[in-house]
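Asker:
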Amino acid sequence: MLIDGKKGGGKKLHEKKIFFNLSWYKKKSRTLKMANQYGDILSLLATGSIAWGVYPKAPTAFTDLLDPEQNSFALLLQWFMVFVLIWQGQGKRDVGKGLLGTLVMFLFVQVGEYMTKRKSVKKVQSIADQLRQRYKR
-7 MLIDGKKGGG KKLHEKKIFF NLSWYKKKSR TLKMANQYGD ILSLLATGSI AWGVYPKAPT
53 AFTDLLDPEQ NSFALLLQWF MVFVLIWQGQ GKRDVGKGLL GTLVMFLFVQ VGEYMTKRKS
113 VKKVQSIADQ LRQRYKR
């Protein structure tokens, strides 16, 4: 390998101080690995969040294909499209990362829907309790 015009000599590329000293990364490799793992998950989620819509309206034929009222397997297709988005984006075409990101997005959506339903059920129950108290004889 030629580095600095010398065969096998000179400083190695990763030891050069280009903008700042990177030697402290070597000491904290365990912390860095943990940060990279969380960073990977966050970047997968950031890519997956694009699926919630920031694009122009899709053609009607495509939206009909993904409409659960018109297509029995539309939900599966919708989540497959989220997988493809994550896989080709921050998943770096790694199927495992694509599946992990899709699973985390799916769980996030399910928990959000559960919490919304729970909150709305509690709201209805509190209104019913208030009405019972008001009209109690």
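According to the numbering used here, the sequence shown is numbered sequentially starting from -7.
The C-beta atom is built at its ideal place from N, Cα and C for all residues, glycine as well.
From R126 to A120, what distance separates their C-alpha atoms?
Answerer: What you label residue 126 is simply residue 134 of the sequence shown in a count that begins at 1. What you label residue 120 is simply residue 128 of the sequence shown in a count that begins at 1. In a straight line, the C-alpha of R126 is about 10 Å away from that of A120.
Asker: Considering just the uninterrupted stretch of the alpha helix (DSSP H) at S118, what are its terminal residues?
Answerer: The residue labelled residue 118 in the question sits at position 126 within the sequence shown. Run containing S118: V87 to R126, per the alpha helix (DSSP H) assignment.
Asker: From which residue to which residue does the alpha helix (DSSP H) around D59 run?
Answerer: Taking the first residue of the sequence shown as position 1, residue 59 is located at position 67. Element bounds for D59: n/a, residue is neither H nor E.
Asker: Taking only three categories from DSSP, how would you classify Q82?
Answerer: Position 90 of the sequence shown holds residue 82. In this structure, Q82 counts as coil in the three-state DSSP scheme.
Asker: When the Cα atoms are used, what is the spatial distance from I10 to L58?
Answerer: For this step, residue 10 is matched to residue 18 along the sequence shown. For this step, residue 58 is matched to residue 66 along the sequence shown. Confidence is the limiting factor: at I10 the pLDDT is only 47, short of 50, which leaves the residue's position unreliable, though a coordinate-based value still follows. Approximately 50 Å between the Cα atoms of the pair.
Asker: Which same chain residues, not among the five before or five after T39, have their C-beta less than 8 Å away from its C-beta?
Answerer: Residue numbering aside, residue 39 sits at position 47 when the sequence shown is read from its first letter. Closer than 8 Å at the Cβ level, and outside the excluded window around T39, lie L77, I78, G81, Q82, G83 and G93.
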